[in-house]
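Below you'll find the structure, written out as structure tokens, and then a few comments.
Residue numbers (my numbering), protein chains in the order written: chain A, -11 to 311; chain B, -8 to 410.
Set out below in structure tokens:
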């Protein structure tokens, strides 16, 4: 029996199959009709169909042999200026054979590109417009430098409506013959927070257990899929056990490969949700911001974040004294 | 008495040089071949770790073959001009007085690729056309800077002599100095020097000069004061002296690698500065030191190192204000380093699985670690059939399957379901 990740298996293969982002799809289809595509930026939260839309656009444009005219690059993996100088340029400069004279280069997670690399892209985009069109995909278009933004048609992807997500997931459940309780289904919805990839992956992992899916299965899947329990680490630190918290941090980074930026983002969210006095929240936020910036500059994730853990330990002590 | 033993007892003949028998012979044969006309390779590159006899081999050979040795070391031949000047020497084989000339360019590692690029280019020309044999020595012959030079050279590798060979050299020196020795003591010195003969001789001089007898007890104290002891002393001063100057001095006089020391301080600080208020200050200083380490890596401005040292020594020392010392706490090996090496294979495996996922799922390898791999793990642990299908689809190898499945038994089950 053959298996794929369902997120791929059920990824729409044509613009006409995309169930959400109606206005965007309409405009992309008009590009296909005109056989001309401008440089684009697709921005929006994860799992809302940005990559899918780009792939569908290419498929509709070139037909089955679309792979020959398409290159996908991932800025998270190759984010430096070298990527632009070598890979991008080599691909962009050669002419495509066929009816459509240009190729498409998808730059996924483009907001992770260094600013040097983005600067280098500026001229490349202009010089090779004849032979190559760029689709830059990002969570935040703000992280893409102005000069690039001004060269691109912007598309803002928003979270899928509940009905659209429902339609998509129901389709998978039917096709794959999954037995799921209504409460289990609701739980999938709840934990995926509008991210359809996450919902689909959670559904597949839950289904792999071979039982009727109930809420407990869903929560245990999500729990196990997030070994990086930032909350737990914060609690440990605030309880006063800095050493244990540092150990948890170390495991997250080294054993589970969690990115420092993800950890700090979550700490930031949790601090503002917490019971800490407001003045403490602001003080901590200042420290978090500084450390976030240092991580962007490439400082050591563990050393920087443990300085933050020390702050949390101190905050916890003050809190227990005051209350 | 004032000369060092390494100079005083420098081998004068090839026989006196311990180890590297083949290398010595190869070099000598090449030199002799010049008598029958200019050989194909007009230069020889002797390479290997420091202190094992590369330069001495050249000197002794020249003496044995009665050649005039013209020596240049790293400080002399940096620029293209300097090379041109000495190129004149190389243009003829014989000397004014009918002897033969051997040109030695010592310590090639000292030539900087960037500043001396012209020099390296000029040197390449000389090596191509020289009419006198030219010998180069270097620690690392495979340094990219030597790429073009290498083509024109006979490459002769030198290795560390064995402990026994090193001991025999030390013995010869002791005999000449009239010192009675104990085999064990010499063996200890040889081992400690990691078979760097030159440094073994230096150690020997430090331990035995002025004595008539050298026994095991005389050298044993070397072992007692090993590197860990030095580290512990530095850590103690930093954690407990409360004195910025003392702490700084402890670091700079220790001669320990600052990066390694940083990891030791970072590991141990929270065990000793137990008050959260103190800890915040100390960890802030360490984080600051880390920033400067990064700046040095980026800019190569090594002068910034002094601030790294300030923050990690004085910074931590002055942070102690409220912490009480709670008896004796042992210093610990940096867990971060231990864990980095322990998880190295795992991390590499995770990256390669990430690449496989990227090929299929239109998501970066980096993000797949967080967004796809955890779900794959659950599937691989629970559903061998689906796991087998996915392994096939993602093109995973056995190691990758085992990483996701978590144990050997499940891996076997999954593999049995493949094909």
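Each residue gets a CB set at the ideal place from its N, CA and C atoms; glycine is no exception. Fair warning: this is a prediction, and the values are worked out from it, not measured in the lab.
{"Query": "Residue-chain proximity (residue 34 (chain A), chain B), Cβ-Cβ < 9 Å", "Result": "yes"}
{"Query": "Pairwise C-alpha distance: residue 387 (chain B) and residue 394 (chain B)", "Result": "11 Å"}
{"Query": "Contiguous beta strand (DSSP E) assignments of at least 3 residues, all confined to the segment 240 to 279 of chain A", "Result": "none"}
{"Query": "Contact with chain A by residue 274 (chain B), beta-carbon distance below 9 Å", "Result": "yes"}
{"Query": "7 Å CB neighbourhood of residue 385 (chain B) in its chain, flanking five on each side removed", "Result": "347, 348 and 351"}
{"Query": "Inter-residue Cα distance where the pair is residue 63 (chain B) and residue 117 (chain B)", "Result": "14 Å"}
{"Query": "Inter-stretch contact (C-beta, 8 Å, three-pair minimum) for the segment 142 to 160 of chain B and the segment 35 to 47 of chain B", "Result": "yes"}
{"Query": "Nearest-angstrom Cα separation, counted from residue 16 (chain A) out to residue 190 (chain A)", "Result": "30 Å"}
{"Query": "Identity of the residues DSSP links to residue 290 (chain B) by a beta bridge", "Result": "For residue 290 (chain B), which the question treats as bridged, DSSP gives no partner whatsoever."}
{"Query": "Those residues which DSSP pairs with residue 125 (chain B) across a bridge", "Result": "B:34 and B:94"}
{"Query": "Residue from A:65, A:138, A:113 and A:79 with nearest C-alpha to residue 102 (chain A)", "Result": "A:65"}
{"Query": "Closer than 9 Å at the beta carbon, the chain A residues around residue 384 (chain B)", "Result": "-10, -9, -8, -7 and -4"}
{"Query": "Cβ shell of residue 408 (chain B) (< 7 Å), same chain only, five flanking positions each side left out", "Result": "375, 376 and 379"}
{"Query": "Among A:185, A:258, A:86 and A:143, nearest to residue 156 (chain A) - alpha-carbon criterion", "Result": "A:185"}
{"Query": "Straight-line Cα distance separating residue 263 (chain B) from residue 251 (chain A)", "Result": "27 Å"}
{"Query": "Whether residue 160 (chain A) touches residue 120 (chain A) by CB criterion (9 Å)", "Result": "no"}
{"Query": "Listed by chain order, chain B residues near residue 38 (chain A) by CB distance under 8 Å", "Result": "Simply none; closest approach about 10 Å."}
{"Query": "DSSP state of residue 249 (chain B) mapped onto helix, strand, coil", "Result": "helix"}
{"Query": "Residue span of the alpha helix (DSSP H) that contains residue 19 (chain B), given as start and end", "Result": "12 to 24"}
{"Query": "DSSP three-state assignment for residue 331 (chain B), whether helix, strand or coil", "Result": "helix"}
{"Query": "Residue -7 (chain A) - DSSP class collapsed to helix/strand/coil", "Result": "coil"}
{"Query": "CB contact below 9 Å: residue 309 (chain B) versus chain A", "Result": "no"}
{"Query": "Distance between residue 94 (chain A) and residue 61 (chain A) (C-alpha atoms, nearest Å)", "Result": "6 Å"}
{"Query": "Straight-line gap, residue 73 (chain A) to residue 122 (chain A) (C-alpha atoms, nearest Å)", "Result": "15 Å"}
{"Query": "Where residue 101 (chain A) sits in the DSSP three-state scheme", "Result": "coil"}
{"Query": "Any C-beta of chain B under 9 Å from that of residue 169 (chain A)", "Result": "no"}
{"Query": "Residues from the segment 362 to 374 of chain B in contact with chain A, defined by Cβ distance under 9 Å", "Result": "362, 363, 364, 365, 366, 367, 368, 369, 370, 371, 372, 373 and 374"}
{"Query": "Below-9 Å beta-carbon distance, residue 330 (chain B) vs any chain A residue", "Result": "yes"}
{"Query": "Top-ranked residue by Cα proximity to residue 115 (chain A), from A:139, A:100, A:125 and A:104", "Result": "A:139"}
{"Query": "Residue-level contact to chain A via CB, residue 355 (chain B), 9 Å cutoff", "Result": "yes"}
{"Query": "Chain A residues whose Cβ lies nearer than 7 Å to that of residue 341 (chain B)", "Result": "245"}
{"Query": "Contact check, residue 310 (chain B) vs residue 242 (chain B), beta carbons under 9 Å", "Result": "no"}
{"Query": "Contact set between the segment 257 to 272 of chain B and chain A, restricted to residues whose Cβ is under 8 Å from the partner", "Result": "257, 261, 262, 267, 268, 270 and 271"}
{"Query": "Rounded straight-line distance, which links the Cα of residue 359 (chain B) to that of residue 206 (chain A)", "Result": "20 Å"}
{"Query": "Top-ranked residue by Cα proximity to residue 315 (chain B), from B:181, B:270 and B:244", "Result": "B:270"}
{"Query": "Closest Cα partner of residue 177 (chain B) within the set B:197, B:75, B:210 and B:229", "Result": "B:210"}
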